[in-house]
Every structure is written in structure tokens, then in C-alpha cells.
Amino acid sequence: MLAMYSTIEPYLAAVGLSAVGFGGIFLAVFGAMKVFGDKWVNSKFNERLEAFKHGQQREIETLRFGFSAAMDRASKLHQREFETLPDAWSTLIDGFNSVLAFTAAFQSYPDINRMSDAELDEFFLESDS
């Protein structure tokens, strides 16, 4: 058996040495892939994160611009309202006073002091209805 072992010993040594060599190479490649792969994955993640942040910032700026434009529009509308409302109110009061002065001549009121008691009772009965 020793003779057989001595015959295959160089082959076993070569296989063992090859296994150790390939194992070492595998560990070196695996270590390099882990280090460089981790850096590559982190760089890709950071690129996508920055692109996402940029998109979010762009959307925020678009919304701010829209909000600012709406607020400017509303403030201009309110300013215009404050400019025109006093003029409109003044015109309305002038129109009311003109109508009041025009219709005052057509209104008549009964002279209660000159009515008799019977006429006064009849007037009150008619005005209650």
C-alpha cells in the first residue's frame, strides 16, 4: 500500500497544491470583487440618489413657481378690488340718493292731525292689513 501511495503521492500533491492555488486565487478574486463591487454598487446608488434628489428639487421649484404665480395673481386681484370697491360704493350711494330724491316728491303722507276720529279709526284699520 505504501508503494501505491508513493506512486500517487505526486499526483495528490499536485491536486492539493492546485486546490490551494485555486482556493487562493478564488479568495483573492472574491475579495477584490467584494471591495470593488461594493464601491461600484455604492457609486451607482449615489448616482441614482442624486438624480432622484435633483428631480425632487426640480419638482419643488416648479410647485414654488406655481404657488408664487397664484399668490401674485391673488394679490393683484385683491389690490384691484381695493382700488375699485370704494368707487363702486360711492357710485351706488350717489345712485341711491338720486333715486331717493326723485321718488320723495311722489310720496304722500296723510295728515293725521286733520282727520276726524272715524277717519282715524278707518285709517288705522286699513294700515294694519
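In my numbering, the protein residues as written are 122 to 250. We put the CB at the ideal spot given by N, CA and C, even for glycine.
* Starting from S248, follow the alpha helix (DSSP H) in both directions and report where the run begins and ends. => D238 to D249
* Rounded straight-line distance, which links the Cα of A124 to that of F147 -> 34 Å
* Can you round the beta-carbon distance between F244 and M236 to whole angstroms, since I take them to be within the 8 Å contact cut? -> With 8 Å as the limit, F244 and M236 qualify as a contact, their Cβ atoms being about 7 Å apart.
* Quick one: grab the DSSP three-state call for Y230. => coil
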